[in-house]
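Throughout, the numbering used here is defined as the position within the sequence shown, counted from one, plus 23. Take a look at the structure set out below.
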Amino acid sequence: MQQPIIGIPCDVKMVGGLPFHAVGEKYIAAAAGGVGGIPVLIPSLGSAAPLREYLKFVDGVLLPGSLSNIEPHRYGGQASRQGTLHDPARDATTLPLIDLLLQEGIPLLGICRGFQEINVALGGELFQHVQEEQGFGDHREPDTQNLDEMYGLAHALHLQPDSLLKSWLGQDEVRVNSLHQQGIKRLADRLVAEGVADDGLVEAYRVRDAKGFAYGAQWHPEWKYWENPVSMAIFNAFGDACRARRASRQG
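See below:
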């Protein structure tokens, strides 16, 4: 059986005054090495994107993290502060794509921004600045240029008794990195919390009624995934679902 095709939607970034479609290498590396797939980048063309055509050849989709935030009008939030980075073309691509993937039962994994996108696509809401909300901690990355420190384990993730992650790992609690300031304000009705941080912020979920694998992680499991059992548990499960999808399409 051929390796599964893993679609990864792009950010749209300005480089030298021109728009470029790009994905961080760490997500591509994780899709290839951690998931065991063949990564294919999906340009963010917004309403012009042939979304249903993508579904004909992908066996799974990984929604990567990004420096940009989802535009708050997408979830009924207040206007962002001046200087906030947005990517409306990605929003206009990924949000409808999520609905189609769930309709078709195509495996879906959201990381960081991708985690937030699934929640928004299904009707949930976001905090724009978690650290300013009463009762919540500061989930932003440490002020350092050292990547190992930036992506170092930052806090506990408490796994729900019926969570898939607990069944994969056999543990009630793990530790994860933390590099975000947006987070779940209201979890969409179709999502089931899998794990929460010490302050109660939801940082892992599954889609309740999904026809196939559909999972989200607020942290960055792609970072040195090969050294982290939590990352490998997620990528192995996603990879198995993508391989099963590939096998059913070839059969």
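Think of the CB as a built atom: it goes at the ideal place given N, C-alpha and C, for glycine as much as any other residue.
The Cβ neighbour count for T116, taken over all protein chains shown within 10 Å, is at least 16; the residue is labelled buried. Residues of the same chain with a CB within less than 6 Å of the CB of S89, apart from the 5 flanking positions on each side, are D34 and R136 in chain order.
Less than 8 Å separates the beta-carbon of L74 from that of L123. Residue state for A267 is assigned as helix, using DSSP reduced to three classes.
Distances from the CA of L214 to each of E140, L78, I61 and G57 were compared; the closest alpha carbon is that of E140. The C-alpha of E172 lies about 14 Å from the C-alpha of H162.
Between G59 and G235 the beta-carbon gap is near 17 Å, outside 8 Å, which marks them as no contact. In the DSSP assignment, I141 falls outside any beta strand (DSSP E) and lies within the alpha helix (DSSP H) extending over R136 to A144.
Short of 6 Å from the beta carbon of G160, and not among the five residues preceding or following it, lie these beta carbons of its own chain, in chain order: D222. Going by beta carbons, F138 and G239 fall inside the 8 Å limit. Note on geometry: alpha-carbon atoms of Y77 and R272 lie some 14 Å from one another.
The Cβ atoms of G106 and A211 do not sit closer than 8 Å to each other.
Linking E245 to A53 through their CA atoms gives a straight-line distance of about 6 Å.
Residue E94 holds the alpha-carbon nearest to the alpha-carbon of E148 among D185, E94 and I31.
Around the Cβ of G57, a 10 Å sphere holds 16 or more other Cβ atoms; the residue is buried. Counting along the chain, no alpha helix (DSSP H) covers R97, and no H or E run does either.
When DSSP reads this structure, L202 sits in no beta bridge, so it has no partner. I93 carries a coil assignment under DSSP once its states are collapsed to helix, strand and coil.
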